[in-house]
Amino acid sequence: MTTEYQAVIAEFEPIIGLETHIELGTNSKMFCSCSAQFGGDPNTHVCPVCLGLPGSMPVVNRVAVESTIRMGLALNCSIAQWCRFARKNYFYPDMPKNYQISQYDEPLCSDGYLDVTVPTENGPQVFRVEIERVHMEEDTGKLLHAGGAGRIHGATHSLVDYNRAGIPLIEVVTKPILGTGELAPEIAKAYVSELRDLMRALGVSDVRMEEGSLRCDVNVSLNRQGEGWGTRTETKNVNSLRSVERAVRTEMVRQAEQLRLGERIILETRHFNEETGDTTSGRSKEEAEDYRYFPEPDLVPVAPSESWIEQLRGTLPEIPSVRRARLQNDWGISEFDMQSLVNAGALELIIASIDAGVQPSAARKWWTGELTRVANERDCELEELTVTPADIAQIEGLISEGVLTDKMARSVFEGLLDGEGNVTEVIDSRGLVVVKDEDLLVEAINQALSESPDIAEKIKSGKVAAAGAIVGAVMKSTKGQADAAKVRTLLLEQLGVKE
Amino acid sequence: MTQGGIDAEQVKHLGKLARLELSPEEVADYTLQLEQILGAITLISAVAADHIPPTSHPIPMENVYREDIAVRGLEINDFASGAPSFEDDRFRVPRILGEPG
Numbered sequence: 001m002t003t004e005y006q007a008v009i010a011e012f013e014p015i016i017g018l019e020t021h022i023e024l025g026t027n028s029k030m031f032c033s034c035s036a037q038f039g040g041d042p043n044t045h046v047c048p049v050c051l052g053l054p055g056s057m058p059v060v061n062r063v064a065v066e067s068t069i070r071m072g073l074a075l076n077c078s079i080a081q082w083c084r085f086a087r088k089n090y091f092y093p094d095m096p097k098n099y100q101i102s103q104y105d106e107p108l109c110s111d112g113y114l115d116v117t118v119p120t121e122n123g124p125q126v127f128r129v130e131i132e133r134v135h136m137e138e139d140t141g142k143l144l145h146a147g148g149a150g151r152i153h154g155a156t157h158s159l160v161d162y163n164r165a166g167i168p169l170i171e172v173v174t175k176p177i178l179g180t181g182e183l184a185p186e187i188a189k190a191y192v193s194e195l196r197d198l199m200r201a202l203g204v205s206d207v208r209m210e211e212g213s214l215r216c217d218v219n220v221s222l223n224r225q226g227e228g229w230g231t232r233t234e235t236k237n238v239n240s241l242r243s244v245e246r247a248v249r250t251e252m253v254r255q256a257e258q259l260r261l262g263e264r265i266i267l268e269t270r271h272f273n274e275e276t277g278d279t280t281s282g283r284s285k286e287e288a289e290d291y292r293y294f295p296e297p298d299l300v301p302v303a304p305s306e307s308w309i310e311q312l313r314g315t316l317p318e319i320p321s322v323r324r325a326r327l328q329n330d331w332g333i334s335e336f337d338m339q340s341l342v343n344a345g346a347l348e349l350i351i352a353s354i355d356a357g358v359q360p361s362a363a364r365k366w367w368t369g370e371l372t373r374v375a376n377e378r379d380c381e382l383e384e385l386t387v388t389p390a391d392i393a394q395i396e397g398l399i400s401e402g403v404l405t406d407k408m409a410r411s412v413f414e415g416l417l418d419g420e421g422n423v424t425e426v427i428d429s430r431g432l433v434v435v436k437d438e439d440l441l442v443e444a445i446n447q448a449l450s451e452s453p454d455i456a457e458k459i460k461s462g463k464v465a466a467a468g469a470i471v472g473a474v475m476k477s478t479k480g481q482a483d484a485a486k487v488r489t490l491l492l493e494q495l496g497v498k499e
Numbered sequence: 001m002t003q004g005g006i007d008a009e010q011v012k013h014l015g016k017l018a019r020l021e022l023s024p025e026e027v028a029d030y031t032l033q034l035e036q037i038l039g040a041i042t043l044i045s046a047v048a049a050d051h052i053p054p055t056s057h058p059i060p061m062e063n064v065y066r067e068d069i070a071v072r073g074l075e076i077n078d079f080a081s082g083a084p085s086f087e088d089d090r091f092r093v094p095r096i097l098g099e100p101g
């Protein structure tokens with residue numbers, strides 16, 4: 001932690017709030033039957049409803065409502081007995097209707113909480129984040145800015161693809177999170193991470209952050225001890241766990257600088273720059289936004305019955321925190337170790353690797369060791385690496401068959417990480433095959449012995465420990481492609497020495 | 001502004017929000033019309049009781065859902081010609097920034 005940040009904490013108290021948008025993994029869109037799949041050729045998942053053509057009428061996707069209710073239940077929310085959709089009116093070409101169908105004063109779920117765990121100097125600490133509301137809405141289309149290097153600034157015109165318009169979106173809004181102190185950035189990150197895991201466990205979204213299926217708006221304000229709440233800023237579209245943490249920290253430091261200079265914080269939206277970690281001023285919110293919300297006349301109210309809610313409650317999976325406790329116990333690791341692999345973003349990858357047939361200890365070793373190191377070096381998330389749980393299963397299989405040594409496995413990982421192809425391709429292109437031919441090995445052993453007759457004598461006289469030097473020489477001459485244990489056995493046989 | 005009423009400034013603001021360019025005559029006209037509508041609503045508000053939920057739709061109806069099945073919608077040829085401008089399979093829209101807010 002930087003001393004700069006420490007100084008901010010010594011002088012100010014942060015208040016944060018998070019608004020998280022998550023695309024649901026339904027087959028079809030929120031209000032029409034178009035495919036809700038990511039991507040696709042531009043404007044091929046569209047119909048009169050999501051293109052906003054006159055006379056078209058929306059109809060609510062049942063699974064989207066069920067997913068939102070299940071999410072609400074998992075977040076300990078109350079589920080509304082009766083609620084409506086609302087039109088949020090604004091003019092921007094990402095919505096062809098000139099309004100977005102959302103929920104306003106009648107969200108489907110409200111007043112819940114999510115417990116998150118953050119690492120501290122005194123061990124893992126549980127922090128309760130209160131949830132204000134969970135509501136349903138639709139995603140917007142995608143703009144491509146032409147001219148001006150793809151940015152909206154300086155663009156001559158924009159091109160719109162409405163495939164994403166109308167994809168079901170859940171918005172989860174926290175209450176202001178107070179009392180975090182210096183842990184504000186970590187709590188923000190842990191909250192989004194926990195939310196993501198919960199969505200995945202519920203199976204309502206695969207939450208691929210790199211595809212933008214989870215986007216976070218980060219609200220931050222600072223106040224001096226004993227003073228009222230400061231003015232907040234809202235940093236929009238923060239799209240990775242690391243960025244959430246960085247956005248909170250950056251904004252705290254920036255606001256503290258302003259406040260120390262006696263300047264006031266402007267109520268505004270800010271943009272987060274993923275590369276530099278800075279935030280830049282966006283649109284001012286001083287003039288309150290006026291979306292002229294009103295109840296959507298084209299949709300009837302959503303009024304989930306008690307029995308429907310209870311039936312959905314019955315489908316809730318083991319929640320991630322309970323699952324973590326169970327796995328920690330199964331694997332026989334400490335809470336600290338569990339927490340650090342969660343923080344590294346390794347838990348789901350380890351589980352997926354185990355599901356693919358890897359031993360738990362081996363799965364943990366690769367993901368928390370070598371791969372975490374590379375992810376840190378490259379400043380990216382573990383899951384962004386070009387290594388999959390299936391690759392690890394394949395490599396581990398080859399190790400146990402004796403086709404690869406541990407050292408060669410590392411080389412395969414290197415190849416995978418550098419994008420040299422799949423496991424088989426990397427093994428081929430790097431020529432990674434264990435030398436199994438005993439004649440070749442014996443030849444290499446004899447060569448090594450003849451180069452170091454003194455060591456050969458030592459071993460013969462019973463100093464078996466000296467064998468290491470010869471094994472090393474053989475490994476070197478075979479470019480690491482021999483099984484060291486095998487070489488040792490052959491070497492001792494060759495000299496007629498017993499262990 | 002009187003209780004339940006509306007003044008010309010508010011009508012101008014609404015016009016701005018709705019991206020409507022209103023002439024002074026139109027502002028006067030709409031102010032009068034909206035006054036009348038709001039007057040009617042004030043009348044209803046006077047008799048609306050707490051135990052009567054606001055009417056959202058004239059026909060009481062709830063929970064109308066569609067099953068989650070994806071169906072192919074329109075082909076680009078079906079709608080591209082209806083757009084003011086269409087380019088590279090996308091709708092072309094004028095520059096967004098630098099226009100009056």
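Chains B and G, in that order, give the protein sequences. Under my numbering, the residue at position 443 of the first sequence is numbered 443, and the numbers go up by one with no gaps. Under my numbering, the residue at position 65 of the second sequence is numbered 65, and the numbers go up by one with no gaps. Where a beta carbon is used, it is the ideal one built from N, C-alpha and C, also for glycine.
For B:Lys476, which option in B:Lys463, B:Ala356, B:Asp454 and B:Lys407 has the closest C-alpha, if you only look at C-alpha atoms? Measuring from the Cα of B:Lys476, the nearest candidate turns out to be B:Lys407.
Less than 8 Å between CB atoms is the rule here; does G:Pro102 satisfy it with respect to chain B? Within the shown structure, residues of chain G are numbered from 1 to 101, placing residue 102 of chain G beyond reach of any answer.
Between the Cα of B:Thr3 and the Cα atoms of B:Asp454, B:Arg246 and B:Val253, which residue gives the shortest distance? A check of alpha carbon separations from B:Thr3 across B:Asp454, B:Arg246 and B:Val253 identifies B:Val253 as the nearest.
Own chain partners of B:Gln339 with C-beta closer than 8 Å, once the 5 adjacent residues on each side are dropped: Excluding the 5 residues flanking it on each side, B:Gln339 has same chain C-beta neighbours closer than 8 Å at Thr117, Pro119 and Pro124, in chain order.
Residues, ordered as in the chain, of the region 67-100 of chain G that lie near chain B by beta-carbon distance below 7 Å: For the region 67-100 of chain G, residues whose beta-carbon sits nearer than 7 Å to a beta-carbon of chain B comprise Glu67, Asp68, Ile69, Ala70, Val71, Gly73, Leu74, Ile76, Phe79, Glu87, Asp88, Asp89, Arg90, Phe91, Arg92, Val93, Pro94, Arg95, Ile96 and Leu97.
Cα separation between B:Thr140 and B:Glu23? It is roughly 11 Å from the alpha-carbon of B:Thr140 to the alpha-carbon of B:Glu23.
Return no unless some Cβ of chain B is closer than 8 Å to the Cβ of G:Tyr30. No - not a single Cβ of chain B is within 8 Å of the one on G:Tyr30.
Report the three-state DSSP secondary structure of G:Met1 (helix, strand or coil). Interpretation of G:Met1 is limited by its pLDDT of 41, a score under 50 that renders its predicted location unreliable; the figure taken from the coordinates is listed afterwards. DSSP, read as helix, strand or coil, puts G:Met1 in coil.
Pick out the complete beta strand (DSSP E) segments inside the region 260-318 of chain B, 3 residues or longer, and give them in chain order. Fully enclosed beta strand (DSSP E) runs of 3 or longer: 268-272 and 279-284.
Partner residues on chain B for G:Glu21, Cβ-Cβ distance less than 8 Å: Correct list: empty, because the minimum Cβ distance to chain B is about 14 Å.
Report the rounded CA-to-CA distance for B:Gln481 versus B:Gly17, giving the unit in angstroms. Taking the straight line from one Cα to the other gives about 54 Å.
Do B:Pro297 and the ligand MN come close, with the Cβ less than 7 Å from some heavy atom? By its list of ligands, the structure shown contains no ligand whatsoever, and the ligand MN lies outside what it can speak to.
Assuming B:Asn43 contacts B:Asn163 under a Cβ cut-off of 8 Å, what Cβ separation, rounded to an integer in Å, is found between them? With a Cβ gap of about 7 Å, B:Asn43 and B:Asn163 count as contacting.
Are at least three pairs of beta-carbons, each pair with one atom in the region 260-271 of chain B and one in the region 225-241 of chain B, less than 8 Å apart? Taking a cut-off of 8 Å for Cβ pairs, the region 260-271 of chain B and the region 225-241 of chain B touch, as three or more such pairs fall below it.
Outcome for B:Asp391 when other beta-carbon atoms lying within 10 angstroms are tallied against a minimum of 16: The residue is buried, with at least 16 neighbouring Cβ atoms inside 10 Å.
Quick check on DSSP: helix, strand or coil for B:Arg62? Helix.
Measure the C-alpha to C-alpha separation of G:Met1 and G:Ile52 and round it to an integer number of angstroms. Unreliable placement is indicated for G:Met1, whose pLDDT of 41 sits below 50; no coordinate value is reported for it.
Would you mind reading off the limits of the alpha helix (DSSP H) that contains B:Arg324? For B:Arg324, the enclosing alpha helix (DSSP H) has its first and last residue at Pro320 to Trp331.
For a contact defined as C-beta to C-beta under 7 Å, what are the partners of B:Thr269 on chain G? Per Cβ cutoff of 7 Å: no residues; B:Thr269 is ~14 Å from chain G at best.
For B:His45, collect the residues of the same chain with a Cβ closer than 6 Å to its Cβ; drop the 5 residues on either side in sequence, then sort them by chain order. Cys34, Ser35 and Asn163.
Hey, could you find the ends of the beta strand (DSSP E) B:Ala146 is sitting in? Here the beta strand (DSSP E) through B:Ala146 covers Lys142 to Ala146.
Would you say B:Val300 and G:Val64 are within 8 Å of each other, going by their C-beta atoms? Yes, Cβ-Cβ distance for B:Val300 and G:Val64 is below 8 Å.
For the region 187-195 of chain B against the region 146-159 of chain B, do three or more pairs of beta-carbon atoms, one drawn from each stretch, fall closer than 8 Å, so that the two count as touching? Touching, no, given that fewer than three Cβ pairs across the two stretches are closer than 8 Å.
Starting from G:Glu9, find everything on chain B with Cβ-Cβ shorter than 8 Å and list it in chain order. Using a Cβ-Cβ cut-off of 8 Å, G:Glu9 is close to nothing in chain B; its nearest Cβ partner there is about 14 Å away.
Is the distance from the Cβ of B:Gly166 to the Cβ of B:Glu211 below 8 Å? The Cβ-Cβ distance between B:Gly166 and B:Glu211 does not fall below 8 Å.
Starting from B:Ser158, trace the alpha helix (DSSP H) in both directions and tell me its first and last residue. Run containing B:Ser158: none in the alpha helix (DSSP H); it sits in the beta strand (DSSP E), His157 to Asp161.
Buried or exposed: where does B:Lys88 fall if 16 or more other Cβ atoms within 10 Å of its Cβ makes it buried? It is buried - the Cβ of B:Lys88 has at least 16 other Cβ atoms within 10 Å.
Establish whether the CB of G:Val27 and some CB of chain B are separated by less than 8 Å. No, no contact with chain B.
Shortest alpha-carbon distance to B:Ile455 belongs to which of B:Thr276, B:Ala466, B:Asn446 and B:Asp105? The shortest C-alpha to C-alpha distance from B:Ile455 to any of B:Thr276, B:Ala466, B:Asn446 and B:Asp105 is the one to B:Ala466.
DSSP puts B:Val172 in a beta bridge; with which residues? Per DSSP, the beta bridge partners of B:Val172 are B:Thr20 and B:Val134.
Interface positions of the region 88-106 of chain B facing chain G (Cβ-Cβ less than 7 Å), listed along the chain: For the region 88-106 of chain B, which is checked against every Cβ of chain G, the residues closer than 7 Å are Phe91 and Pro93.
Considering only DSSP beta bridges, list what B:Glu4 is partnered with. In the DSSP assignment, no residue is bridged to B:Glu4.
Mind pulling the alpha helix (DSSP H) runs of 4 or more residues that sit fully within the region 169-242 of chain B? List check, alpha helix (DSSP H) in window: 184-202.
Among B:Val173, B:Asp278 and B:Tyr99, nearest to B:Ile131 - alpha-carbon criterion: Closest option to B:Ile131, Cα to Cα, is B:Val173.
Rounded straight-line distance, which links the Cα of B:Leu202 to that of B:Gly345: Pairing B:Gly345 with B:Leu202, the inter-Cα distance amounts to about 18 Å.
Can you give me the C-alpha to C-alpha distance between G:Pro100 and B:Leu214, rounded to a whole angstrom? Only weak support exists for where G:Pro100 lies, its pLDDT of 38 falling under 50; the value from the coordinates is given anyway. When the Cα atoms are used, G:Pro100 and B:Leu214 turn out to be separated by approximately 32 Å.
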